[in-house]
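Asker: In the working numbering, the protein residues as written are 18 to 178.
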Amino acid sequence: MRSDNPNVQGIKHMAFAVRDAEAALEAYSKYLHVPADTEITHFPKSGNKVALFYLGGIEYQLCQSTAEGGRFDAWIKERGAEGLHHICYAVDDIDAALAHAQAQGASLRECKACKKTGSHAHPEGWVAFLDNDAGGIEIEFMQVYTPEQLKAWEEGGAEAV
Numbered sequence: 018m019r020s021d022n023p024n025v026q027g028i029k030h031m032a033f034a035v036r037d038a039e040a041a042l043e044a045y046s047k048y049l050h051v052p053a054d055t056e057i058t059h060f061p062k063s064g065n066k067v068a069l070f071y072l073g074g075i076e077y078q079l080c081q082s083t084a085e086g087g088r089f090d091a092w093i094k095e096r097g098a099e100g101l102h103h104i105c106y107a108v109d110d111i112d113a114a115l116a117h118a119q120a121q122g123a124s125l126r127e128c129k130a131c132k133k134t135g136s137h138a139h140p141e142g143w144v145a146f147l148d149n150d151a152g153g154i155e156i157e158f159m160q161v162y163t164p165e166q167l168k169a170w171e172e173g174g175a176e177a178v
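#1: So, N24 versus A113, is the Cβ gap smaller than 8 Å?
#2: Please report the residue range of the beta strand (DSSP E) in which E171 lies.
#3: Could you tell me the alpha carbon to alpha carbon distance between A151 and I104, rounded to whole angstroms?
#4: Quick test of your reading: Q78 and F89, contact by CB under 8 Å. State the CB separation rounded to the nearest angstrom.
#5: Taking N65 as the reference, which of Q26, L72, A44 and A32 has the closest Cα?
#6: Indicate the three-state DSSP secondary structure (helix, strand or coil) for K94 in the structure shown.
#7: Taking all protein chains shown into account, decide if F60 is buried (16 or more other Cβ within 10 angstroms of its Cβ) or exposed.
#8: For P164, which residues from the same chain have a beta carbon less than 7 Å from its beta carbon, with the 5 sequence-adjacent residues on both sides left out?
#9: How should K168 be labelled, buried or exposed, when 16 other C-beta atoms within 10 angstroms of its C-beta is the threshold for buried?
#10: Rounded to a whole number of angstroms, what is the C-alpha to C-alpha distance between Q160 and A91?
#11: Among F146, P140 and Q121, whose alpha-carbon lies nearest the alpha-carbon of K133?
#12: Taking the beta carbon of S20 as the centre, do at least 16 other beta carbons fall within 10 Å, making it buried, or is it exposed?
#13: Buried or exposed for Y162, please, with buried defined as at least 16 other CB atoms from any protein chain shown within 10 angstroms of its CB.
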């Protein structure tokens with residue numbers, strides 16, 4: 018059965034909360050042939066480091082907090098295990114996607130990195146997080162920038178898009 022939500026285009030990425038990004042990447046490399054030299058990027062603003070790669074046409078993010086009590090560390094401690102933290106859904110109109118979700122009773126959550134609630138600019142597009150989960154998995158929406166919007170972001174940041 019297919020969803021009739023006209024706003025969702027597909028999965029943008031899946032983010033996994035891990036204790037050790039290097040060790041998790043090593044397992045993906047060993048068992049699924051993800052390149053072992055995949056870069057692990059540190060994001061000081063959000064306090065995490067991420068191994069980002071594509072597998073089966075889906076972007077995977079292995080996310081490790083860089084400080085105790087960080088977003089992913091706290092999530093792992095709360096649940097007692099590593100696992101799928103959130104799925105980011107690509108949408109063609111983030112405002113319409115949020116309105117649809119809110120009409121169904123959803124509420125919005127603050128973005129931990131930006132301290133903003135609702136749709137706001139990020140490096141790849143406008144994002145927003147629901148304060149509701151689905152089976153313990155957080156929901157993120159992203160309206161990916163057009164090439165022109167991406168260029169504006171790269172040249173001037175959030176205020177430019």
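Just so it is clear, CB atoms sit at the ideal spot from N, CA and C, and this is done for glycine as well.
As the structure is a computational prediction, the values presented were derived from the model and not from experiment.
Answerer: For this structure:
#1: Start at 1 with the first residue of the sequence shown, and residue 24 comes out as number 7. Start at 1 with the first residue of the sequence shown, and residue 113 comes out as number 96. Less than 8 Å divides the Cβ of N24 from the Cβ of A113.
#2: The count along the sequence shown starts at 1 and reaches residue 171 at position 154. Careful: E171 lies outside any beta strand (DSSP E), inside the alpha helix (DSSP H) at P164 to G173.
#3: Counting from one through the sequence shown, the residue named residue 151 turns up at place 134. Counting from one through the sequence shown, the residue named residue 104 turns up at place 87. Approximately 10 Å between the Cα atoms of the pair.
#4: Reading the sequence shown from its first residue, position 61 is the one you call residue 78. Reading the sequence shown from its first residue, position 72 is the one you call residue 89. In this structure, Q78 and F89 do not form a Cβ contact; the two beta carbons are roughly 10 Å apart against a cut-off of 8 Å.
#5: The residue given as residue 65 occupies position 48 in the sequence shown. Residue A32 holds the alpha-carbon nearest to the alpha-carbon of N65 among Q26, L72, A44 and A32.
#6: Reading the sequence shown from its first residue, position 77 is the one you call residue 94. Of the three classes helix, strand and coil, the one that applies to K94 here is helix, per DSSP.
#7: Position 43 of the sequence shown, counting from 1, holds the residue named residue 60. By the neighbour-count definition (other C-beta atoms within 10 Å, threshold 16), F60 is an exposed residue.
#8: In the sequence shown, residue 164 corresponds to position 147, counting from 1. So the list is empty, once near-sequence residues are dropped.
#9: Position 151 of the sequence shown, counted from the first residue, corresponds to residue 168. Of the residues assessed, K168 falls on the exposed side of the cut-off, its CB having fewer than 16 other CB atoms within 10 angstroms.
#10: Here residue 160 corresponds to residue number 143 of the sequence shown, with the count starting at 1. Here residue 91 corresponds to residue number 74 of the sequence shown, with the count starting at 1. Here the alpha carbons of A91 and Q160 stand approximately 27 Å from one another.
#11: On the sequence shown, position 116 is the one that residue 133 refers to. Cα-wise, what sits closest to K133 is F146.
#12: Reading the sequence shown from its first residue, position 3 is the one you call residue 20. Looking at its Cβ environment, which holds fewer than 16 other Cβ atoms inside 10 Å, S20 is exposed.
#13: Counting from 1 along the sequence shown, the entry for residue 162 is found at position 145. Looking at its Cβ environment, which holds 16 or more other Cβ atoms inside 10 Å, Y162 is buried.
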